[in-house]
Amino acid sequence: MDRTRALPWGRHVRTSPVVGDGSLHFSVLGSGSRGNSVLVTGGGTTVLVDAGLSLKETRTRMASLGLDVESVDAVLVTHEHSDHVSHAGVLARNLRIPAWIGDRTRAASERYFKGSEETPELPDSPFKIGALEVTPVRKPHDAAEPVAFLVTRGAHTVGVFTDLGHVDDDVAAAIQRCDVLVMEANHDPGMLSRGPYPAHLKRRVGGRHGHISNEDAALALARSVRPDLRCLVLAHLSESNNHPDLVRRAFVDHLGAKTPYKRWISYQERATPLFDIHGAVVAERDLQPAEGSSDAQVG
239 MDRTRALPWG RHVRTSPVVG DGSLHFSVLG SGSRGNSVLV TGGGTTVLVD
289 AGLSLKETRT RMASLGLDVE SVDAVLVTHE HSDHVSHAGV LARNLRIPAW
339 IGDRTRAASE RYFKGSEETP ELPDSPFKIG ALEVTPVRKP HDAAEPVAFL
389 VTRGAHTVGV FTDLGHVDDD VAAAIQRCDV LVMEANHDPG MLSRGPYPAH
439 LKRRVGGRHG HISNEDAALA LARSVRPDLR CLVLAHLSES NNHPDLVRRA
489 FVDHLGAKTP YKRWISYQER ATPLFDIHGA VVAERDLQPA EGSSDAQVG
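Residue numbers (this note's numbering): 239 to 537.
Given below as structure tokens:
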């Protein structure tokens, strides 16, 4: 099999992706206040967790990984904020796929749908989309009906936990089920307090139903991750109130410079590599950023 060879600090050589062997692969196509979408694929089924990127941008970012947007089977919507749902209706209509969404989330995001889309209601229990099992997990965030998602294929699970005010008992229990974790590390409290946001927005972001800080995310994971976690991808970094170096520092301080699992940082402007369940790179863009940039490993 032709696989990408990983080089130091997140530099990689692009080769052909291997996604037809039935195992799980994933990529954070983009994460941040300007649009979020996480791709999970396995067993011939592909889902997008959130659709905050346009159809054109989703197509481009998937193509950079050797994937076709027409292979997407469903969209899973976490909540109604525009950076997560604004293109769900467009994707559902144009790709002729369902956008799974909670009833209250659907009502709160009416402007993003035309009524002709298939928008099945999210159940409270695990359900199947092709070869994948999807489990919604209630999470603390200032939205109508916010959820995280676990996506499972066989014995392996990818969990997507962004827009998370704090880690409550339900979220902690779900994190312990994950082989791979896409986890928010939104802001540095010092940067937030000194930053450009108005006072009410600072209170919202820093509150228990807003966005989790670097340190709080690291502390929560130190308590919650299972010993055999394979990969952690940190996501939804604020462009105004955070920096990858501060994220690295917080996670090294609380989890150590070396961990048994791979640690990566995602970014807003382009997709991460396509990873396998072990956090190894399967496919990557042709052009790679230099050492120390936001796609480098944390430690």
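Note that CB positions come from ideal geometry on N, CA and C, so glycine has one too.
Computed from a predicted model, the values in this text were never measured in an experiment.
CB contact flag (residue i, residue j, <8 Å)
i, j, result
"V420", "T395", "no"
"A460", "H481", "no"
"T284", "V310", "yes"
"A410", "S363", "no"
"T296", "S320", "no"
"G280", "H325", "no"
"V372", "L277", "no"
"C416", "G397", "yes"
"G403", "G448", "yes"
"V266", "A473", "yes"
"L370", "A509", "no"
"Y435", "S478", "yes"
"V418", "I515", "yes"
Where residue i falls, given that 16 or more other Cβ within 10 Å makes a residue buried
i, result
"G282", "exposed"
"P374", "buried"
"K294", "exposed"
"H438", "exposed"
"R486", "buried"
"R501", "buried"
"E522", "buried"
"D408", "exposed"
"S476", "buried"
"K352", "exposed"
"G494", "exposed"
"A528", "Any reading at A528 needs caution, since the residue's pLDDT is 27, under 50, leaving its predicted position unreliable; the model's value is listed next. Result: exposed."
"S431", "exposed"
"G530", "Low confidence applies to G530: its pLDDT is 33, below 50, so where it sits in the model is not reliable enough to give any reading."
"M239", "Reliability of the predicted coordinates at M239 is poor, the pLDDT of 28 falling under 50, and no value is obtained from them."
"P511", "buried"
Chain-order list of residues whose beta-carbon lies under 6 Å from that of residue i (same chain, five-residue window excluded)
i, result
"A458", "V405"
"V287", "V276, L314, F387, V398"
"E453", "A488"
"M300", "V307"
"E356", "P336"
"S347", "E318, V323"
Bridge-paired residues (DSSP) for residue i
i, result
"K366", "E371"
"Q266", "The question names Gln, yet the displayed sequence has Val at residue 266. DSSP lists V276 as partners of V266."
"I339", "E359"
"L472", "M421, I503"
"H394", "R391"
"F399", "M421"
"T283", "G280"
"V490", "Answer is none; V490 lacks a bridge partner."
Pick from the options that is closest to residue i, judged by C-alpha positions
i, options, result
"I450", "D483, W502, D380", "D380"
"R334", "E318, T343, A345, S354", "S354"
"E383", "A345, I515, E356, F264", "A345"
"L262", "S302, T390, G340", "T390"
"D466", "L329, H317, G517", "G517"
"T298", "R468, G268, P361", "G268"
"L484", "A423, R464, R468", "A423"
"K496", "L470, R441, H425", "L470"
"V385", "H317, E359, G433", "H317"
"L360", "W338, R349, G368", "W338"
"R464", "Y350, Y499, S431, V266", "Y499"
"V490", "I515, R468, A455, P511", "A455"
"Y350", "R342, G368, V328", "V328"
"R342", "H425, D426, P358, N332", "P358"
Neighbourhood of residue i by C-beta, 7 Å cutoff - its chain only, sequence neighbours within 5 removed
i, result
"R446", "P378, G403, H404"
"R272", "D321, Q506"
"F365", "V372"
"F513", "H263, F264, S265, C469, V519, V520"
"G270", "H474, L475, E477, Q506"
"A312", "V285, I335, P336, W338, I367"
"A412", "V375, A386, L388, G397"
Contacts around residue i, its chain only, beta-carbon distance under 8 Å, and the 5 residues preceding and following it disregarded
i, result
"K440", "L430, S431, G433"
"N332", "L293"
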